[in-house]
Amino acid sequence: MTTSSSVPLADDADSDRLRALLERAAEGADSQAWSDLWTELYHNGSLDVAHPLVLHTLIDMAEDDHADTAASALHLAGALLVQADQRCETQNLRNRHVSQVARLLAAANRWRQDTADRNVYCHLIEAVLNLEGDIHWAQELIWGVVSEEYEIECTNPGGCASLWVVIGERGFFSAVGDYALSDDVETFPLHPADPRALEGLGHRLYDLARADGHDEVARALTYAFGEATCPECKQRFSVVGQVIASCS
Ligand SMILES: [Zn+2]
């Protein structure tokens with residue numbers, strides 16, 4: 001009796017904690033609540049992503065008229081669905097909530113056309129890709145555009161050191177080692193893709209960013225979908241190819 005009754009009590013406590021966190025997040029401007037939701041739902045899994053409150057509340061936030069809260073809700077929802085896709089025990093989350101996912105995707109596509117903030121825009125694009133569910137590496141792709149650098153491995157099977165691909169205000173180059181702290185680090189210029197030659201996802205995202213008025217994001221994407229030179233073996237390789245390889 002005591003054993004069996006303790007389980008629902010624990011579940012109730014989790015539900016209460018989840019409800020409280022979602023309520024705080026919905027009020028906006030509570031970055032700690034969002035950080036806790038990412039930790040508990042995404043990183044640690046200490047709260048249940050399949051709890052009915054999760055998608056239900058995130059949809060409410062996404063369809064409300066508070067841009068920042070909507071963007072945060074869409075970013076988290078997309079990440080949770082992709083993570084669930086990759087975990088056998090929650091693989092059906094997306095399939096069980098087809099209409100909710102469609103509503104989230106529609107909201108993400110509305111908000112992306114509406115935001116002027118570069119990083120919010122990037123996270124909305126990430127949400128669109130995650131909600132569509134065709135690729136599982138949108139987070140890693142967009143991470144590099146937001147942070148203006150990728151840390152990736154060279155394709156050389158001999159194993160060169162991992163390298164930095166820098167895309168943004170500090171320049172457009174590849175380097176080994178801590179390029180930010182030293183002027184002595186040798187850098188190699190990147191080779192952006194010609195926008196007219198982009199195909200597939202690169203072509204689509206480039207056109208989307210241009211159409212949405214984010215030319216600087218579009219430009220960064222030509223580098224993400226372009227090539228970098230390994231500072232050690234001097235081989236050129238696809239940046240996005242190595243981003244994908246790091247996720248498989
Ligand atoms: Zn190399």
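1 is the number of the first residue of the sequence shown in the working numbering; add one for each residue after it.
No residue lacks a Cβ here, since even glycine has one placed at the ideal position from N, Cα and C.
Item: In whole angstroms, give me the CA-to-CA distance for Ser238 and Phe225.; Value: 7 Å
Item: Measuring CB to CB, does Ala70 end up less than 8 Å from Trp111?; Value: yes
Item: Which residues in the same chain have their Cβ closer than 6 Å to the Cβ of Ala62, if we skip the five residues on either side of it in sequence?; Value: Ala70, Ala73, Leu74, Leu104 and Ala107
Item: I need the DSSP call for Ile125, collapsed to helix, strand or coil.; Value: helix
Item: Please state the DSSP three-state secondary structure of Ala84.; Value: helix
Item: Ligand 1 heavy atoms versus the CB of Gln235: any closer than 7 Å?; Value: yes
Item: Taking the C-alpha atoms as reference points, what is the distance between Pro195 and Arg19?; Value: 45 Å
Item: Is the beta carbon of Arg94 closer than 8 Å to that of Leu81?; Value: yes
Item: Report the rounded CA-to-CA distance for Ala220 versus His66, giving the unit in angstroms.; Value: 28 Å
Item: Compute the minimum distance between the beta carbon of Cys160 and the heavy atoms of ligand 1, and state whether it is under 7 Å.; Value: yes
Item: Verify the contact flag: Asn119, CB atom, against every heavy atom of ligand 1, threshold strictly below 7 Å.; Value: no
Item: Using only CA atoms, which one of Glu132, Gly213, Val217 and Val166 lies nearest to Glu290?; Value: What is shown of the chain runs 1 to 248, which leaves residue 290 out entirely.
Item: Determine the direct distance from the alpha carbon of Ser248 to that of Glu153, and round the result to whole angstroms.; Value: 13 Å
Item: Tell me which residue opens and which closes the beta strand (DSSP E) that Glu149 is part of.; Value: Glu149 to Ile152
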